[in-house]
Amino acid sequence: SGKITVPEKIDGKVIAEVSSKTFTRNSEGITKIEFETDKEINFEKEVFSKFDVLNEVIINSQKFEVTEGMFANSEKFSKLTFTGEITSINDKGFYNCYNLLPFDFSNVDKIGDEAFYNCRLLKEIELKNDKLEYKLTFH
């Protein structure tokens with residue numbers, strides 16, 4: 237199993253954006269990715285989609301959003317660890333992440349269509365913040 241650590245800067249340039257499909261099927265052997273920066277990072281859609289062996293992502297950014305299809309069809313993905321806040325979870329954010337474990341949703345103000353479709357280990361999610369309060373139940 238391998239781990240990639242994405243530093244705050246590469247060649248003196250701050251990592252502020254991660255392009256679509258940066259980490260996908262061709263990233264063999266990588267099971268864990270950590271983003272060290274505490275600055276805001278913009279993730280484009282499907283950054284980790286169809287990543288067959290990815291198990292965990294650690295994001296130390298102050299805030300970020302789970303973009304459209306960000307982890308879609310990454311069947312072994314189970315753990316999202318973050319120190320800041322998730323502002324939104326867009327359409328198909330965790331689509332077909334069969335092994336996704338519960339995490340803190342307290343700052344989320346938007347959840348898109350099919351965001352948790354086929355996340356078999358999630359049974360219930362409670363959301364409580366100033367903007368909304370509701371519970372999603374899965375069957």
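Note that the numbering used here has the sequence shown beginning at 237, numbered continuously upward.
Just so you know, even glycine gets a beta-carbon here, dropped at the ideal spot from N, CA and C.
Keep in mind the model is a prediction, meaning the values are calculated, not measured.
Grouping DSSP H, G and I as helix and E and B as strand, with all else coil, what is residue i?
i              : result
threonine 258  : coil
leucine 316    : strand
lysine 245     : strand
isoleucine 251 : coil
lysine 239     : strand
leucine 357    : coil
glutamate 280  : coil
Measuring alpha carbon to alpha carbon, tell me which residue in the options is nearest residue i.
i              : options                        : result
glutamate 304  : Ile347, Ser314, Gly320         : Ile347
glycine 265    : Lys239, Glu282, Glu360         : Lys239
glycine 320    : Phe300, Phe271, Phe352         : Phe300
lysine 359     : Asp345, Asn343, Phe339         : Phe339
serine 342     : Ser297, Glu292, Ser324         : Ser324
aspartate 274  : Val250, Lys328, Phe352, Asn326 : Val250
threonine 267  : Tyr353, Asn332, Glu292         : Glu292
asparagine 326 : Asp247, Asn296, Phe307         : Phe307
serine 310     : Gln298, Asn335, Ile322, Lys281 : Asn335
lysine 286     : Asn296, Glu244, Arg356, Ser256 : Ser256
Who are residue i's beta bridge partners in DSSP?
i                 : result
isoleucine 325    : Val302, Ile347
phenylalanine 330 : Phenylalanine 330 pairs with nothing; no bridge assigned.
glutamate 270     : Thr241, Ile294
For the putative contact between residue i and residue j, defined by C-beta atoms under 8 angstroms, what is the C-beta separation to the nearest angstrom?
i             : j              : result
threonine 317 : isoleucine 294 : 5 angstroms
threonine 258 : valine 283     : 5 angstroms
valine 242    : glutamate 272  : 7 angstroms
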